[in-house]
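J.: No gaps in the numbering here: position 385 of the sequence shown is 434 in our numbering, and each next residue is one more.
Yeah, the Cβ is synthetic: ideal placement off N, Cα and C, and Gly gets one too.
Treat the numbers as computed from the prediction; the structure is a model and nothing was measured.
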Amino acid sequence: SDPRVVGPYRTLAVLGEGGMGRVLLASDPTGGLVAVKLVRDTFAAYDDTFRQRLRREAVAAQRIHSPRTARVINADADAGVPWLAYEFHHGPTLHHALTTTTTLPETTVLHLAAGLATALHDIHTARFIHRDLSTANVLLTDNGPVVIDFGIARPTNPTTGPTTGTPDRTQLITVTRTGTVIGNPAYMSPEQAMGLPDLTPASDIFSLGTLLATAATGHNPFQGTTSEQTRYNVMMATADLTQIPSALRHIIEPCLTRDPDQRPDAQTLLTTIGTPPPTPPPWPETIHTLTRQQHTQLRRYTQTEPTTLPEPHHLDPTKIFTTEVGPSAGTGPSPAEEPGAPGAPGAPGAPGAPGRKRRTGLHVLAAAVASAVAVALALVVPWPTTGDDGEAAPEKPAEAAADVFPVKVEHAYGETVVRSRPQRVATWGWGAAEVAIALGTFPVGIAEEESESGKGMLPWVAQAYEDEGLDAPLLFSEDSSASWTLPEEQIAATDPDLILAPYSGLTEEQYEQLSAIAPVVARPVGASSEPWEGVITTTAKALGVAAKGKKLLAESDARLAELGEQHGLAESSFAVVVNDPPRNRVHVFSDASPVVRVLEGLGLRSADSVAELDSDGNGMMYTLDYKDLGRLESDVVVLYSTTSELAERDLASKELNALPAFTAGRIAQLSGTDEFASAASPTVLSIRWPGGMPVLAESLEKAEAVAN
50 SDPRVVGPYR
60 TLAVLGEGGM
70 GRVLLASDPT
80 GGLVAVKLVR
90 DTFAAYDDTF
100 RQRLRREAVA
110 AQRIHSPRTA
120 RVINADADAG
130 VPWLAYEFHH
140 GPTLHHALTT
150 TTTLPETTVL
160 HLAAGLATAL
170 HDIHTARFIH
180 RDLSTANVLL
190 TDNGPVVIDF
200 GIARPTNPTT
210 GPTTGTPDRT
220 QLITVTRTGT
230 VIGNPAYMSP
240 EQAMGLPDLT
250 PASDIFSLGT
260 LLATAATGHN
270 PFQGTTSEQT
280 RYNVMMATAD
290 LTQIPSALRH
300 IIEPCLTRDP
310 DQRPDAQTLL
320 TTIGTPPPTP
330 PPWPETIHTL
340 TRQQHTQLRR
350 YTQTEPTTLP
360 EPHHLDPTKI
370 FTTEVGPSAG
380 TGPSPAEEPG
390 APGAPGAPGA
400 PGAPGRKRRT
410 GLHVLAAAVA
420 SAVAVALALV
430 VPWPTTGDDG
440 EAAPEKPAEA
450 AADVFPVKVE
460 HAYGETVVRS
470 RPQRVATWGW
480 GAAEVAIALG
490 TFPVGIAEEE
500 SESGKGMLPW
510 VAQAYEDEGL
520 DAPLLFSEDS
530 SASWTLPEEQ
540 IAATDPDLIL
550 APYSGLTEEQ
560 YEQLSAIAPV
570 VARPVGASSE
580 PWEGVITTTA
590 KALGVAAKGK
600 KLLAESDARL
610 AELGEQHGLA
620 ESSFAVVVND
630 PPRNRVHVFS
640 DASPVVRVLE
650 GLGLRSADSV
660 AELDSDGNGM
670 MYTLDYKDLG
680 RLESDVVVLY
690 STTSELAERD
700 LASKELNALP
710 AFTAGRIAQL
720 SGTDEFASAA
730 SPTVLSIRWP
740 GGMPVLAESL
750 EKAEAVAN
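Quick look at the structure:
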């Protein structure tokens, strides 16, 4: 369906694709190669946002004059199918090179550092912030590294031309909408991971430090087993740089300083690196081999006139220009066409059919257990990136008539119209599957969650399927590699007619990718301050049962109050604390976090001393050094520990004795991933689960008894 001619260019092959469109290899009238980005005509016809984004990308790339960035040659955002042409660079991405070579030699990393520092200097001088610098967005060409993909860049003032000298930080702007987190979690800066709206060039410098550390060691210093753990590591952890040679460490370490104002700018980095990089670059032989393989593959499409436009997998293993893409749906039977696949005629999970458990290559249950602190932060910071998708069981007739379709749902990326009652719902993000189930809709697929027994379903979610006599839904397993990607193919395999991601970390690009599968409901505007209500009200509205959502909120409050009364919980004040010994501090949950909302529902109140603390920037959590713990006055301290072993450690902590309530023994413990997830859960499902909320309530009762 791709055009054979785009503007003055003849298309040859597909380099990559996503929800927004495709990137094609093409030749110009002189025979030179270009990379042409096309916006899907369905988007261009009905939403001018995509044309505007293409214009921004063209402006950004044209205003940045650098030998180390890809240059825009031509563009037409007003064409029937909007397009943009970049100069084409031969060479693999750094991500692909590292999957082949694992690590790069010291001289190679020094050359990479000099080239990328030059690129960032030129980008920042032009008053832009790249905001998505990662191994997937760096090409290793015969002339040195080249930074690509300015699809999320935007200037502060479209009428202002490039500047020279040191960029004025007050005139720089972030490359996305205010409050929207975008980028690869593993390469974000701490302030970007927190969702702060006003980024500076220092954010790109942190990303560069992470990228160089990854190239030098073969692994990302912040990478966790899940994307939420990765994001937590970026925000809270200190990178281990002990394996990095000293010649590189003195370059990388300052870039990874947590305070943006203390990081070097690009010009300072270039001065530190010193000697200009050699030409040609000192790439190892494995990179030259990848480049030769790419040339061989490309020759197939440039020497003869192809009769069909090759799909992305035909260019493997080059992975050129864009991030990796999976096999095209046109190669072999799609999952939905296989006998018994979700969505196939008469298949388990088809509309109106009872669910049947189906174990395929897509149903992956990873064995690794991630840090529960990461899960905690995923629940209190607006970026839980694992999600839930599942099979939509038909609702009862009385409930089906509760609301009228179509319904319009506003969210961070615009407005989604749900035209009829969804029959096959997929979910992605914190709370979405649980809320859908509580509202009477069982998803056809849900994302894996961290639990005490490993990855899978949270116990109360699994129990809900069992109680209804339904087999488990398809579980979406996210890619935990250094290049985190959305499990798009897994979600598509469930053949959903609606994707619910009301409190997820979807970037705008990922939203566009999923929108190519089915209508998507993303994070509601302003929901970061009220995640509990945000997930329930948004999900209920999208499912056409808005009134039922209000009842669910009221029922949750009533059950919490009842549980609190059973344990005699009164108006005692509390503070929820996570111990952080490596950094000699604690993290204190703010009033905006779901777990505080639950504790207040039990009848307690957040201590006044909590509100007096300084926010760490995301509004969900405060940071307090050990030396200042005396400021945290409360009747009860709720101590969250990720495991039973850490719970014992925290109880024996001498540093925590500085907490008045801790010293007095007024301690309630919240330990383990399941117990915390239940305390931060937005529905009655977890409130009823005996291993979570009742255990916490009993612990609170004992702590209150000491206080009184």
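What does a CB cutoff of less than 7 Å around L143 pick up in its chain, not counting 5 residues either side in sequence?
T.: Answer for L143: T184, V187, L189 and A264, listed in chain order.
J.: State the DSSP-derived secondary structure class of K597, mapped to helix, strand or coil.
T.: It is helical.
J.: To which residues of the same chain is R1 closer than 8 Å at the C-beta, ignoring the five residues directly before and after it?
T.: Summary: the structure shown does not reach residue 1, with the chain confined to residues 50 through 757, and so no result is reported for it.
J.: Considering only DSSP beta bridges, list what P194 is partnered with.
T.: DSSP output for P194 lists L189 as bridge partner(s).
J.: Would you call the stretch 306-325 and the stretch 252-259 touching, i.e. three or more CB-CB distances under 8 Å?
T.: Cβ pair count under 8 Å is three or more, so yes.
J.: Tell me the rounded alpha-carbon separation between L544 and E561.
T.: Correcting the residue identity first, residue 544 is Asp in this sequence and not Leu. Roughly 17 Å separates the two Cα atoms.
J.: I'd like to know whether the C-beta atoms of V72 and V130 end up nearer to each other than 8 Å.
T.: No.
J.: With DSSP collapsed to three states, give me the class of P391.
T.: Confidence at P391 is low in this model, with a pLDDT of 34, below 50, so its placement is unreliable and the value that follows should be read with caution. Residue state, collapsed to three classes: coil.
J.: Which residue or residues does DSSP assign as beta-bridge partners of D674?
T.: The partner list for D674 (beta bridge, DSSP) reads R634.
J.: Here's the rule I'm using: 16 or more other beta-carbon atoms within 10 Å means buried, otherwise exposed. How should K504 be labelled?
T.: Classification for K504: buried.
J.: Looking at H114 and D171, is the spacing between their C-beta atoms short of 8 Å?
T.: Against a cut-off of 8 Å, the Cβ pair of H114 and D171 comes out as a contact.
J.: In angstroms, rounded to a whole number, what distance separates the CA positions of T372 and G65?
T.: Confidence at T372 is low in this model, with a pLDDT of 29, below 50, so its placement is unreliable and the value that follows should be read with caution. Computed Cα separation, rounded: 7 Å.
J.: Write down every uninterrupted run of the alpha helix (DSSP H) in the stretch 468-492 whose length is 4 residues or greater and which is fully enclosed by it, in chain order.
T.: Correct list: 481-487.
J.: By DSSP, does W738 sit in helix, in strand, or in coil?
T.: Of the three classes helix, strand and coil, the one that applies to W738 here is coil, per DSSP.
J.: Over the uninterrupted alpha helix (DSSP H) stretch that includes Y514, give me the two end residues.
T.: Y514 -> alpha helix (DSSP H) spans P508 to D516.
J.: Using 8 Å as the threshold, is the C-beta distance between D520 and Q472 below it?
T.: Not in contact: D520 and Q472 (Cβ atoms no closer than 8 Å).
J.: So L257 is in the alpha helix (DSSP H); what residue range does that whole segment cover?
T.: Per DSSP, L257 belongs to the alpha helix (DSSP H) from P250 to T266.
J.: Is DSSP giving F42 helix, strand or coil here?
T.: Only positions 50 to 757 of the chain appear in the structure, and residue 42 is not among them; the question remains open.
J.: On the DSSP bridge assignment, give the partners of L87 in chain order.
T.: Looking at the DSSP assignment, L87 forms a beta bridge with R71 and W132.
J.: Specify whether the stretch 479-486 and the stretch 581-596 touch according to this definition: at least 3 beta carbon pairs, one from each stretch, less than 8 Å apart.
T.: Flag = yes, the stretch 479-486 and the stretch 581-596 touch.
J.: Please work out which residues of its chain come closer than 6 Å, Cβ to Cβ, to L411, disregarding the five sequence neighbours upstream and downstream, and give them in chain order.
T.: Residue confidence is low: L411 scores 27 on pLDDT, short of 50, so the model does not pin down where it sits. Its coordinate-derived value is still stated next. The answer, listed in chain order, is Q539 and A542.
J.: Assign R348 to one of two classes, buried (16 or more other C-beta atoms within 10 Å of its C-beta) or exposed (fewer than that).
T.: Classification for R348: exposed.
J.: Quick one: what does DSSP say S76 is sitting in, helix, strand or coil?
T.: DSSP places S76 in strand when its eight states are reduced to three.
J.: Beta carbon of L719, beta carbon of F711: below 8 Å?
T.: No, these two residues do not count as a Cβ contact at 8 Å.
J.: Would you identify the three-state DSSP class for T588, choosing helix, strand or coil?
T.: Residue state, collapsed to three classes: helix.
J.: Report the CB separation of L261 from V196 in whole angstroms; it is logged as a contact under 8 Å.
T.: Not really, about 14 Å apart at Cβ, beyond 8 Å.
J.: Excluding sequence positions up to five away, which residues of its chain have a Cβ less than 7 Å from the Cβ of T465?
T.: Cβ within range, chain order: V458, P568, V569 and V570.
J.: For H179, collect the residues of the same chain with a Cβ closer than 6 Å to its Cβ; drop the 5 residues on either side in sequence, then sort them by chain order.
T.: Taken in chain order, the residues that qualify are I172 and D253.
J.: Rounded to the nearest angstrom, what separates T167 and L319 at their Cα positions?
T.: One C-alpha to the other measures close to 7 Å.
J.: Taking the continuous beta strand (DSSP E) assigned at G494, which residues delimit it?
T.: Run containing G494: G494 to A496, per the beta strand (DSSP E) assignment.
J.: One question on the structure: do L662 and V635 come within less than 8 Å of each other, judged by their Cβ atoms?
T.: It is not a contact, given that the beta carbons lie outside the stated cut-off.
J.: Please confirm if the stretch 642-658 is in contact with the stretch 690-703, defined as three or more CB-CB distances below 8 Å between the two stretches.
T.: With a cut-off of 8 Å, the stretch 690-703 and the stretch 642-658 do not count as touching, because too few Cβ pairs lie within range.
J.: So P52 and D191 are supposed to be a Cβ contact under 8 Å. How far apart are they, rounded?
T.: Not quite, the Cβ-Cβ distance comes to about 31 Å (not below 8 Å), so this is no contact.
J.: Identify, in the order they occur along the chain, each residue of the same chain with its Cβ nearer than 7 Å to the Cβ of S748, setting aside the five sequence neighbours on each side.
T.: If we look at S748 and ignore the five residues flanking it on each side, its Cβ neighbours are A717 and Q718.
J.: Going by DSSP, what residue range makes up the alpha helix (DSSP H) through F711?
T.: Here the alpha helix (DSSP H) through F711 covers P709 to T712.
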